[in-house]
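With the sequence shown counted from 1, adding 280 to any position gets you the working numbering. Just so you know, even glycine gets a beta-carbon here, dropped at the ideal spot from N, CA and C. Here the structure is a predicted model, which is why all the values come from computation and not from measurement. Notes follow the structure.
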Amino acid sequence: MVNLPRLHIVRGPDEGRVIEISSPRFVIGRAAENDLHVPSEKISRQHAEIVCEAERYFLADLASLNGTFLNGERLATDRRRLNNGDEIQLASVMLLRFQDPATTQMDFPSPLRSLGLWVDIPRYEVHVQNKTLDPPLSAQLFSLLSLLFEHPGEVVTKDQIAGHVWPDAMGGVTDQMIDTLVARLRRRLAEVAQDHEYIVTIRGRGFKFVQKA
281 MVNLPRLHIV RGPDEGRVIE ISSPRFVIGR AAENDLHVPS EKISRQHAEI VCEAERYFLA
341 DLASLNGTFL NGERLATDRR RLNNGDEIQL ASVMLLRFQD PATTQMDFPS PLRSLGLWVD
401 IPRYEVHVQN KTLDPPLSAQ LFSLLSLLFE HPGEVVTKDQ IAGHVWPDAM GGVTDQMIDT
461 LVARLRRRLA EVAQDHEYIV TIRGRGFKFV QKA
């Protein structure tokens with residue numbers, strides 16, 4: 281049995297639905313004949329496409345008016361390769377998560393499982409010091425933590441955070457909005473880990489994710 285890649289609708293019409301990508305060219309848009317029909321005036325008739333070539337999947341924007349975003353970054357004319365767990369946003373209407381069962385999942389060593397923090401993007405789970413964060417993070421908090429987690433030890437700027445968490449804000453994201461979101465995330469992580477600060481402020485630059493040693 282072939283395990284086909286899937287799109288999980290995280291936010292938007294038909295939230296929670298999972299769609300298999302069963303054709304070499306999978307078109308998303310407002311037109312009813314598309315592989316994924318999104319009935320919104322903010323979505324172009326043919327908005328975006330996912331193309332399979334040599335068992336690899338690529339995302340491209342089809343000159344849509346309101347944009348296609350991959351992990352918070354708006355696509356230009358070039359197509360981008362999709363990886364397991366990538367987030368695709370269509371204008372401000374729909375958020376999708378790409379899931380590829382053929383991808384080998386990262387196996388964290390046991391010390392990290394028991395002592396550190398890791399984010400399971402396909403399952404939308406956060407594990408802190410061998411405990412699953414419950415209730416789950418909101419979409420914005422999960423998006424912020426995923427961005428920081430994917431750049432361990434690196435400074436993530438406020439501009440990067442704004443583009444990733446609020447891709448359709450058109451420059452309307454303030455430092456206060458970002459600081460408030462970071463503070464909320466810190467409080468949630470502190471519920472299960474009070475002995476380590478996973479998110480460090482780098483004054484004047486941004487924030488950094490620091491794994492527990």
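- DSSP, read as helix, strand or coil, puts residue 444 in helix.
- Judged by beta-carbon spacing, residue 478 lies beyond the 8 Å limit of residue 487, meaning their Cβ atoms are not closer than that value.
- Excluding its 5 nearest sequence neighbours in each direction, residue 420 has C-beta neighbours in its own chain below 7 Å: 445 and 461, listed in chain order.
- The three-state secondary structure of residue 458, taken from DSSP, is helix.
- The three-state reading of DSSP puts residue 420 in helix, counting H, G and I together.
- Residue 285 sits away from residue 369, with the two beta carbons spaced by 8 Å or more.
- Here DSSP, grouped into helix, strand and coil, assigns residue 411 to strand.
- Under the 8 Å Cβ criterion, the stretch 318 to 331 does not count as touching the stretch 410 to 426, having fewer than three qualifying pairs.
- Residue 463 carries a helical assignment under DSSP once its states are collapsed to helix, strand and coil.
- Bridge pairing for residue 399: 406 [DSSP].
- In its chain, beyond the 5 residues on either side, 295, 296, 297, 374 and 376 have a beta carbon closer than 7 Å to the beta carbon of residue 289.
- Counting C-beta atoms within 10 angstroms of its own C-beta, residue 463 has fewer than 16 neighbours from the protein chains shown and is therefore classed as exposed.
- Contact check for residue 310 and residue 320: beta-carbon distance about 7 Å, within the 8 Å limit, so the pair qualifies.
- In the same chain as residue 341, and ignoring 5 residues on each side of it, the C-beta atoms closer than 6 Å to its own belong to 328, 348 and 355, in chain order.
- Around the beta carbon of residue 343, fewer than 16 other beta carbons sit within 10 angstroms, so the residue counts as exposed.
- In this structure residue 283 is not in contact with residue 432, their Cβ atoms being roughly 29 Å apart against a cut-off of 8 Å.
- Under the DSSP assignment, residue 328 falls in the beta strand (DSSP E) whose first and last residues are 328 to 333.
- If the five residues before and after residue 443 are omitted, its C-beta is found closer than 7 Å to the C-beta atoms of 352 and 353, all from its own chain and listed in chain order.
- DSSP places residue 336 within a strand segment (E or B) once states are collapsed to three.
- When secondary structure is reduced to three states using DSSP, residue 354 falls in the strand class.
- Assignment of residue 488 by DSSP, reduced to helix, strand and coil, places it in the strand class.
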